[in-house]
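S.K.: One structure, as structure tokens, below. Some questions next.
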């Protein structure tokens, strides 16, 4: 017994070293097998507060860029106000959310009454991926804030994606950067009005492909491709991308694929707008019932 | 300034530099410099070894708390804290280092001695840390390259730090 104590005292440092090292390794293993504890650590009191302070400072340095994008966004919204409203020809009943246009001359007659069709909700991006075949974006807004699946999502510069699933306070967006045939966005040339669809081919988050545009369409490098407004997800005339050039396509086909530079910069996505189409259900049910009639 | 106060300030300063400056800089996939273990390198010569180990653990865990790598930095720090006295013994001249200055630095140990001392410990720290970090994905060449390049970058930063704060004799 005495020998044991002497032994322990002699190698005390080594045993302390082993003990501490074992504690560390246990911590590492615990952390590796339960990745969620990593998130809890982040919210740790001291580091959380410090990060918060630090974030405030960082936010200040980004004010200029934020400001620029807000100004651009404002200009775009000013231009878009008229197109967010849908004109109706009959006046049946009182609308609570309408815009009335009056004539400019002295008679001041009501020219048209328009009801609100689209509602925009800003949301902060909390997670974003670029390098996977199917990319998802998480935003800090969910069913409690009125987000539902299959709503369109845009950024201040262009189309971002479609809401896929929703929890109480978060929503996951299937990004435009998804290599799948199911994800395509109905598009239109801004100048020529020819219709097509935009797909992402899975390599570069800056470029996508525009398909189904007839060879006869007149287009130039740098032309804007916008949403068509047919899909009930997006209003029309929201930029999707800009034409870069032709891609090699099937020679016998009447259409040719076009390479697009995407309008949205997915690398630094900070805020997005979720679009609620107030008339979507009406459009959908009418279309569905018509298909049934034909069948 | 007392040695205790000086070490406390160095602890906080190095932690802040590491978390808010170095961790924000993405030099390259293979080069991620660390400077915080300079705290362990610069603890006084005559500190008892258990205290050395516990301070190493404290420093490592503090950084782990910020970086969400629970235990990895702590393991590396405890490791070099344990090996530090051996390295100093090997490098010290016959009668031990002069005791006018009680902490290891370029002036107390001599430039070349200090560089060897720092290089060995930094390399060991990085070896332990990166091995734990890439645990499971066996790619030895990548690991070795990462350890060597990061050690070089860290050593460069440590020399800069030493020159900034210990230029006066």
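Chains as they are written, first to last, in the numbering used here: chain A, 1 to 295; chain B, 1001 to 1169. We put the CB at the ideal spot given by N, CA and C, even for glycine. Being a predicted model, the structure only gives us computed values, none of them experimental.
(1) Quick check on the DSSP output: what are the complete alpha helix (DSSP H) runs of length 4 or more inside the region 1134-1166 of chain B, in order along the chain?
(2) Tell me whether the beta-carbon of residue 227 of chain A lies closer than 9 Å to the beta-carbon of residue 214 of chain A.
(3) Rounded C-beta distance between residue 103 of chain A and residue 135 of chain A? I'm assuming under 8 Å.
(4) Report yes if the C-beta distance between residue 174 of chain A and residue 163 of chain A is below 9 Å; otherwise report no.
(5) Measure how close the beta-carbons of residue 269 of chain A and residue 208 of chain A come, nearest whole angstrom, since I'm counting them as under 8 Å.
(6) Locate the beta strand (DSSP E) running through residue 1108 of chain B, then write down its first and last residues.
(7) If you reduce the DSSP assignment to three classes, tell me which class residue 1023 of chain B lands in.
(8) Closer than 8 Å by C-beta to residue 299 of chain A: which residues in its own chain qualify, once you throw out the five before and the five after it? Chain order, please.
(9) Between the region 270-280 of chain A and the region 118-128 of chain A, do at least 3 Cβ pairs fall closer than 8 Å?
(10) Are the region 1025-1045 of chain B and the region 1150-1160 of chain B in contact at 8 Å, needing three or more beta carbon pairs?
(11) Return the bridge partner residues of residue 277 of chain A from the DSSP annotation.
(12) With a Cβ-Cβ cutoff of 9 Å, do residue 1149 of chain B and residue 1080 of chain B count as a contact?
(13) For residue 947 of chain B, which of helix, strand or coil comes out of DSSP?
(14) In terms of alpha-carbon separation, which member of A:245, A:241, A:14 and A:190 lies closest to residue 221 of chain A?
(15) By how many angstroms is the C-alpha of residue 1104 of chain B removed from the C-alpha of residue 1114 of chain B?
(16) Quick check on this structure: which residue in B:1085, B:1042, B:1021 and B:1069 has the alpha carbon closest to the alpha carbon of residue 26 of chain A?
(17) Is it right to say residue 76 of chain A is buried, meaning 16 or more other beta carbons lie within 10 angstroms of its own, or is it exposed?
(18) Residues bridged to residue 261 of chain A by DSSP?
(19) Would you please verify whether the beta carbon of residue 270 of chain A is less than 9 Å from any beta carbon of chain B?
M.R.: From the atom records:
(1) 1140-1165
(2) no
(3) Not a contact, Cβ separation roughly 49 Å.
(4) yes
(5) Beta-carbon to beta-carbon, residue 269 of chain A and residue 208 of chain A are separated by about 16 Å, too far to satisfy the 8 Å threshold.
(6) Per DSSP, residue 1108 of chain B lies in no beta strand (DSSP E); the unbroken alpha helix (DSSP H) holding it starts and ends at 1106-1109.
(7) Annotated three-state conformation of residue 1023 of chain B is helix, per DSSP.
(8) No answer is possible for residue 299 of chain A: it lies beyond the span of chain A, which begins at 1 and ends at 295.
(9) yes
(10) yes
(11) A:118
(12) no
(13) It is not possible to answer for residue 947 of chain B, since the shown part of chain B is limited to 1001 through 1169.
(14) Closest option to residue 221 of chain A, Cα to Cα, is A:245.
(15) 7 Å
(16) The shortest C-alpha separation from residue 26 of chain A is found at B:1069.
(17) exposed
(18) A:207 and A:242
(19) no
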